[in-house]
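Visitor: Residue numbers 2 to 274, in the working numbering, belong to the letters of the sequence shown in order.
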Amino acid sequence: MKICRFQPLHIPIEQVRRRGEELPSDSVEPSWGVVAGENIREVSGSLTGEWKLSGRTWPLAEVQLVAPIEPGKIVCVGRNYREHAAELGNPVPTEPLIFLKPPSSVIGPGEPIVLPAISERVDHEGELAVVIGRQCAHLGEADDVRPFIFGYTCLNDVTARDLQRKDGQFARAKGFDTFCPMGPVIETELDLAGVSVETFVNGQRRQAGRTSQMIFPVDHLIRWVSRMMTLVPGDVIATGSPAGVGPLRAGDVVEVAVGGVGTLRNPVMAASL
Ligand code: ZN
C-alpha cells in the first residue's frame, strides 16, 4: 500500500502548515491518502494509529503531494555502503555511525532544495528511509523489527560537504532548511532483499546501489538505534547512501528512486541573498 499526504493544487505550498509552525489564518492541514492508480483515496484519522477511508477520492493530477511524514526525529546512518565510505576516504565502520537531521530540514516532492550561500559544495545523497510505526526501545538481537516499521520512502540526505569537512560535526552541514527531501509516498510493504537505490541528476544516473550491499542492514540499524533513543511513530531512519555522491548546482533537478517505492524529484536553486 502506498500512503501519501497531499493538498489540493489550488492551495499554494506556502499555505501548508509544517510541523511546529505558527498557523497563519489561511493555512491548511494536508490530508492523508492511499494511492490507488491515478487517484488518491482520502483517509481520516492517524495512519500510525486508528484510521479509515473518508469516502472522498481525489485525482492525483489535481493534488500536490507533500512530505509523506513530519518526523519527530530523523536518524541518519553514515558510511553504510562500502564503496561510499571509500570514495570519501573513510574506513568502513565497525558499528553504525549515526547523526541527526532536524525536522525543519524536511521538504516534499517538487519543493526546491535551496543552496546556502556559505557553502561551495552541496552534495546529493539518495537513500532508502524507514518510517517507524510503533514505539520501540532497547530491542534485543532476537527481536523482530517488522511490527515497528510503518513503511519505506525515498530520502535525499543533502549535505554541504565543505562544511562537513570544516566542522568535523554534521549538524550544520546536514541541517539547513530544505536539506531533507522525502517522498513521494510511503510504501508499507517492501521486500528489502536487493531493493535498488538510485540517484539521478538532470536524468543522468549518479548513484546506484542495492539494499543488499548495506554494511548494517535495516533490522540491525533499528535495533541498534533503539538502544540509544526511543523510536516513536513517524520517526525516520535514513539508511545511508550508495557510492556516487556528487555536487548539486542551481537549476539541476535531482531524483532519488527506490525500487518498489517511487521517485522523489526536487529542483535545486540558489539562495536569494
Ligand atoms: Zn547520508
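Built from N, CA and C at the ideal position, the CB exists for glycine as well.
How would you write the range of the alpha helix (DSSP H) that Leu164 sits in, first residue to last?
Guide: 162-168
Visitor: May I ask you to verify whether the region 99-112 touches the region 170-189, counting CB pairs closer than 8 Å and requiring at least 3?
Guide: yes
Visitor: Quick one: grab the DSSP three-state call for Glu188.
Guide: strand
Visitor: Would a C-beta distance cut-off of 8 Å place Thr160 and Glu126 closer than the cut-off?
Guide: yes
Visitor: State the Cα-Cα distance for the pair Ser273 and Lys167, rounded to the nearest angstrom.
Guide: Between Ser273 and Lys167, the C-alpha separation is close to 24 Å.
Visitor: Does the beta-carbon distance from Leu89 to Ala130 come in below 8 Å?
Guide: no
Visitor: Quick check on the burial criterion: 16 or more other C-beta atoms within 10 angstroms. Buried or exposed for Arg228?
Guide: exposed
Visitor: Report yes if the CB atom of Arg224 is closer than 8 Å to the CB atom of Asp158, and no otherwise.
Guide: no
Visitor: For the beta strand (DSSP E) containing Asp220, list its first residue and its last residue.
Guide: No beta strand (DSSP E) holds Asp220; the alpha helix (DSSP H) holding it covers 219-227.
Visitor: Between Pro92 and Ala37, what straight-line distance do the alpha-carbon atoms span, to the nearest angstrom?
Guide: 44 Å
Visitor: Taking buried to mean at least 16 other C-beta atoms within 10 Å of its own C-beta, is Met215 buried or exposed?
Guide: buried
Visitor: Opposite Pro60 in the DSSP bridges: which residues?
Guide: Asn40
Visitor: Can you give the Cα-Cα distance for Asn40 and Trp52, rounded to whole angstroms?
Guide: 19 Å
Visitor: Using only the heavy atoms of the ligand ZN, determine whether one of them is closer than 7 Å to the beta carbon of Cys77.
Guide: yes
Visitor: Could you name the residues that DSSP lists as bridge partners for Gly210?
Guide: Val198
Visitor: When you compare each of Val29, Leu140, Leu54, Glu30 to Ile4 by their alpha carbons, which one comes out closest?
Guide: Cα-wise, what sits closest to Ile4 is Leu54.
Visitor: Can you tell me whether His125 is helix, strand or coil according to DSSP?
Guide: strand
Visitor: Got a sec: does the ligand ZN put a non-hydrogen atom nearer than 7 Å to the Cβ of Ser242?
Guide: yes
Visitor: Pull up the DSSP beta-bridge partners for Val255, would you.
Guide: According to DSSP, which records beta bridges pairwise, Val255 is partnered with Val202, Asn267.
Visitor: Let's test the definition: count the other Cβ atoms within 10 Å of the Cβ of Val29 and tell me whether it reaches 16, buried, or not, exposed.
Guide: exposed
Visitor: Which of the three DSSP states is assigned to Phe149 in this structure?
Guide: Under the three-state reduction of DSSP output, Phe149 falls in the helix class.
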